[in-house]
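Below you'll find the structure, written out as structure tokens, and then a few comments.
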Amino acid sequence: MEKYTGVKLVEAEPMSLKEAEQKLNLTLKPTNEAGYIVKYPDGFDTWMPKWEFEQTFFKLANQTFALALDAILHGEKVVRTSWNTKEEWLELITSVQGNSADLEKSDTPSVLPFIGKRVSPYRFVPWTPNMDELLAKDWTILKLPKKGKQPGSH
Numbered sequence: 001m002e003k004y005t006g007v008k009l010v011e012a013e014p015m016s017l018k019e020a021e022q023k024l025n026l027t028l029k030p031t032n033e034a035g036y037i038v039k040y041p042d043g044f045d046t047w048m049p050k051w052e053f054e055q056t057f058f059k060l061a062n063q064t065f066a067l068a069l070d071a072i073l074h075g076e077k078v079v080r081t082s083w084n085t086k087e088e089w090l091e092l093i094t095s096v097q098g099n100s101a102d103l104e105k106s107d108t109p110s111v112l113p114f115i116g117k118r119v120s121p122y123r124f125v126p127w128t129p130n131m132d133e134l135l136a137k138d139w140t141i142l143k144l145p146k147k148g149k150q151p152g153s154h
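In my numbering, the protein residues as written are 1 to 154.
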């Protein structure tokens, strides 16, 4: 048989099986084994034993660009911890605002998705990584404050 690997982006919280049963309101099995509650993007919540979780998932902090790219493709915003600003990050840009009359012309090219770097509020530029960025191991998912407030805004 061939070996396969997979990557899924989930949220998780360390928790004993007993605590998880109470939080999820279900009976999993009769033990108080250590583990994690795992939240999938589609809203599915489950509990996974610690040993299984740690063989399957890893924290997306201080990771490679390959993992950061996968996160970008899943809609996350990523940043290098070595960047000295809270106002710049990368994300997938899937549409561009412009003059709708120009966009409706048949000779106007359509804009394909690209990785954009936020350089100021509401401004993104196309981003191409250099070798240092491709080999870096300090990529992490950016956690933005709730209610639409962005880092550096007042």
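In this text, a Cβ means the ideal position worked out from N, Cα and C, and glycines have one as well.
- Just measuring C-alpha positions, the residue of Leu28, Lys50, Ile72 and Tyr36 sitting nearest Leu142 is Ile72.
- Distance check between Trp47 and each of Ala66, Gln22 and Asp70 places Gln22 closest, using alpha-carbon atoms only.
- Collapsing the DSSP output to three states places Thr56 in a helix.
- Trp51 is classed as exposed because its beta carbon has fewer than 16 other beta carbons within 10 Å across all chains shown.
- Check the Cα spacing between Ser82 and each of Ala12, Asp132 and Leu144: the tightest is with Asp132.
- Where Glu133 is concerned, the enclosing alpha helix (DSSP H) starts and stops at Met131 to Leu135.
- Under a 10 Å Cβ-count criterion, Arg123 is classified as exposed, with fewer than 16 other Cβ atoms of the shown protein chains found around its own Cβ.
- CA-CA distance, Asn84 to Lys39, rounds to 31 Å.
- Annotation for Phe65: the continuous alpha helix (DSSP H) segment containing it runs Phe65 to Leu73.
- Under the DSSP assignment, Ala61 falls outside any beta strand (DSSP E); it carries neither an H nor an E label.
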